[in-house]
Amino acid sequence: MPLLAVVAALLFVAAAVRDLGWRLIDNRLVAAALVAWFGHAVLSGWGGAAIFFHLAIGVAAFAVALGAGLAGWMGGGDVKLAAAVFTWAGPEHALAILVMVVVAGLLLAVLGVAADAVLRRWPSGFARRGLFLLSAARGVPYGVALACGGGLAALAAG
Numbered sequence: 001m002p003l004l005a006v007v008a009a010l011l012f013v014a015a016a017v018r019d020l021g022w023r024l025i026d027n028r029l030v031a032a033a034l035v036a037w038f039g040h041a042v043l044s045g046w047g048g049a050a051i052f053f054h055l056a057i058g059v060a061a062f063a064v065a066l067g068a069g070l071a072g073w074m075g076g077g078d079v080k081l082a083a084a085v086f087t088w089a090g091p092e093h094a095l096a097i098l099v100m101v102v103v104a105g106l107l108l109a110v111l112g113v114a115a116d117a118v119l120r121r122w123p124s125g126f127a128r129r130g131l132f133l134l135s136a137a138r139g140v141p142y143g144v145a146l147a148c149g150g151g152l153a154a155l156a157a158g
């Protein structure tokens with residue numbers, strides 16, 4: 001497994017943790033994941049066409065996510081993270097990663113609603129912090145779903 005793919009997977013994990021806890025994704029994590037992708041592409045000897053198509057998928061993902069962001073469905077960090085995730089996925093893995101991200105996002109939304117129901121019934125106790133992290137009242141941490149896809153895309157590219 002190439003080192004830069006592993007580094008990118010770890011950067012995506014860090015983005016997921018940050019989004020889960022603070023509902024924010026650090027731009028430096030996204031930028032570092034993109035730099036790792038470019039380094040991986042160059043060191044792996046990818047041709048110009050492969051690099052172009054991976055970038056095109058990333059730009060397309062950014063455009064779609066930007067529309068979702070402007071509609072209020074996701075935050076700016078999610079938009080940028082989507083670009084990095086799908087740049088790593090490229091045309092080979094984009095559809096599979098998209099399905100995985102959508103399913104993970106749906107699961108997070110359901111868990112968030114369930115967490116809110118439990119928090120309303122039992123507002124204190126041992127599990128409160130964990131449930132608070134998932135709470136849909138704070139917004140669905142869609143960066144977690146994206147980061148899962150990003151980690152898989154990076155490892156698949158490696």
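With full-length UniProt numbering applied, the sequence shown closes on residue 158, and no number is skipped along the way. The beta-carbon is built from N, C-alpha and C at its ideal position, and this holds for glycine as well.
Asked, Found
"If distances are taken between C-alpha atoms only, which option among L134, V118 and L95 comes closest to A109?", "L134"
"Return helix, strand or coil for P141, following the three-state DSSP convention.", "coil"
"Buried or exposed for G139, please, with buried defined as at least 16 other CB atoms from any protein chain shown within 10 angstroms of its CB.", "exposed"
"Tell me whether R120 is buried or exposed, calling it buried when 16 or more other Cβ atoms sit within 10 Å of its Cβ.", "exposed"
"Count the C-beta pairs between the region 146–156 and the region 99–119 that are closer than 8 Å, then say yes if the count reaches three, no if not.", "yes"
"Kindly indicate which three-state DSSP category M100 falls into: helix, strand or coil?", "helix"
"Do the CB positions of G90 and F62 come within less than 8 Å of each other?", "no"
"A36 by DSSP, collapsed to three states: which one?", "helix"
"Within this structure, are the beta carbons of V7 and A36 separated by less than 8 Å?", "yes"
"Taking the continuous alpha helix (DSSP H) assigned at W22, which residues delimit it?", "L3 to W22"
"Have a look at K80, A56 and A114 and flag the residue whose alpha-carbon is nearest the alpha-carbon of G67.", "K80"
"Thinking C-alpha only, which one of L107, A154, L3 and M1 is nearest A84?", "A154"
"Excluding five sequence neighbours on each side, which residues of the same chain lie with their C-beta closer than 6 Å to the C-beta of residue 162?", "Nothing in the structure corresponds to residue 162, since the chain is present only between 1 and 158."
"Do you know offhand how far G112's Cα is from A136's?", "4 Å"
"Please look up how many angstroms separate the CB atoms of A33 and L3, rounded, as I've assumed it's under 8 Å.", "Not really, about 14 Å apart at Cβ, beyond 8 Å."
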